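Protein chains in written order, with the working numbering: chain A, 1 to 164; chain B, 165 to 328.
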């Protein structure tokens, strides 16, 4: 009878354990499925966001360039018939000023090179000439094409002449 | 003995069920934790990507503008001393052509408005004038500022004069 009791209890305990475990399993399955669905949604959303972001980053920069285009067109119309070279030149200067200002506003920065030490991270030496003076050895003697940063990243190396 | 047997079996079955359920539960817990970790990694990665993408979308557009800046600077140097207005004008035309081409290449498109029906999705009527002819009523009679698309999205409405 004692043994019977024990087996009976064991059976009940076993069944209770099993049903507790079943419940826990069902809960966890549910939790797992919700997480998986959330993950899928997140992926879908970020993929779309990425495409939108790519467009809108471009768009911000485009937007600051539109007034430059307007000025350009106005200047072309305005100088269409003049014989005054200075007047046309002045238009160029104004547009150039606006364009560079717009690009600077969006993070573009000109590299300063001349007279500085040659730095292969920043400069591309397209030719070498004998240094005009002793202290210009290994220095940038001339710049052929400007280098540019966007924020703190080099987006174009400066093409320079190196003194040797 | 028969009953004893049954209870014994039930106990054994119960225990077997419980341990099967435990195993399944452990497996699922493991699966859940791996999914959660994967999700976290994905979030971290896409957040970083988003920041990088924002920079690089700008960068692509900046890159196509650098040769335009180069031309601009060359033109300014080249026309610095001339008295020939036509020569300076020609420089403007060349740079303007290169700038618009670079922006078109990156998805910028000019809106065509004149003579078309007024569309508040595209146009902003800054003033209305009596239509010069019957068929220009409700049409765009003149354009004061160009409208632009970036891809298929309107990024600037055209400022137009509406015939009434």
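Backbone N, C-alpha and C define an ideal beta-carbon position, used for all residues, glycine too.
Please read these numbers as outputs of a predicted model, since none were measured by experiment.
Residues of its chain near residue i, where Cβ-Cβ distance is below 8 Å and the 5 sequence neighbours each way are ignored
{"i": "residue 44 of chain A", "result": "none"}
{"i": "residue 77 of chain A", "result": "none"}
{"i": "residue 269 of chain B", "result": "228"}
{"i": "residue 121 of chain A", "result": "154"}
{"i": "residue 139 of chain A", "result": "115, 116, 117, 118, 131, 162, 163"}
{"i": "residue 288 of chain B", "result": "321, 322, 323, 324"}
{"i": "residue 176 of chain A", "result": "Here chain A covers residues 1 to 164 and nothing more, so residue 176 of chain A does not appear."}
{"i": "residue 231 of chain B", "result": "262, 266"}
Three-state secondary structure assigned by DSSP to residue i
{"i": "residue 125 of chain A", "result": "strand"}
{"i": "residue 109 of chain A", "result": "strand"}
{"i": "residue 322 of chain B", "result": "strand"}
{"i": "residue 21 of chain A", "result": "helix"}
{"i": "residue 281 of chain B", "result": "strand"}
{"i": "residue 1 of chain A", "result": "Here residue 1 of chain A scores only 46 on pLDDT, less than 50, and its place in the model is too uncertain to base an answer on."}
{"i": "residue 152 of chain A", "result": "coil"}
{"i": "residue 207 of chain B", "result": "helix"}
{"i": "residue 301 of chain B", "result": "coil"}
Whole-angstrom C-beta distance between residue j and residue i, which should lie under 8 Å
{"i": "residue 236 of chain B", "j": "residue 39 of chain A", "result": "Contact flag wrong, Cβ pair sits at about 49 Å."}
{"i": "residue 317 of chain B", "j": "residue 290 of chain B", "result": "So it is not a contact: roughly 22 Å between Cβ atoms."}
{"i": "residue 193 of chain A", "j": "residue 185 of chain B", "result": "Limits of chain A in this structure are 1 at one end and 164 at the other, which puts residue 193 of chain A out of reach."}
{"i": "residue 42 of chain A", "j": "residue 199 of chain B", "result": "Between residue 199 of chain B and residue 42 of chain A the Cβ distance is about 12 Å, and since that is not below 8 Å, they are no contact."}
{"i": "residue 417 of chain B", "j": "residue 85 of chain A", "result": "Look at the range of chain B in this structure, 165 to 328, and you will see that residue 417 of chain B is not part of it."}
{"i": "residue 53 of chain A", "j": "residue 192 of chain B", "result": "Between residue 192 of chain B and residue 53 of chain A the Cβ distance is about 36 Å, and since that is not below 8 Å, they are no contact."}
Other residues of its chain near residue i: CB distance less than 7 Å, five sequence neighbours each side excluded
{"i": "residue 146 of chain B", "result": "A question about residue 146 of chain B goes unanswered here, because the residues of chain B that appear run from 165 up to 328."}
{"i": "residue 308 of chain B", "result": "290, 323, 324, 325"}
{"i": "residue 111 of chain A", "result": "122, 146, 147, 148, 149, 158"}
{"i": "residue 259 of chain B", "result": "232, 235, 236, 239"}
Residues of its chain near residue i, where Cβ-Cβ distance is below 6 Å and the 5 sequence neighbours each way are ignored
{"i": "residue 107 of chain A", "result": "150, 151"}
{"i": "residue 244 of chain B", "result": "none"}
{"i": "residue 155 of chain A", "result": "148"}
{"i": "residue 167 of chain B", "result": "Because residue 167 of chain B carries a pLDDT of 49, less than 50, the predicted location of this residue cannot be relied on, and the following value inherits that uncertainty. There are no such residues."}
{"i": "residue 257 of chain B", "result": "none"}
Any alpha helix (DSSP H) of 4 or more consecutive residues that is wholly inside the stretch 210 to 270 of chain B
249 to 269
With a cut-off of 8 Å, do at least 3 Cβ pairs link the stretch 99 to 106 of chain A to the stretch 116 to 136 of chain A?
no
Determine contact between the stretch 58 to 72 of chain A and the stretch 221 to 232 of chain B, defined as no fewer than three beta-carbon pairs at a distance below 8 Å.
yes
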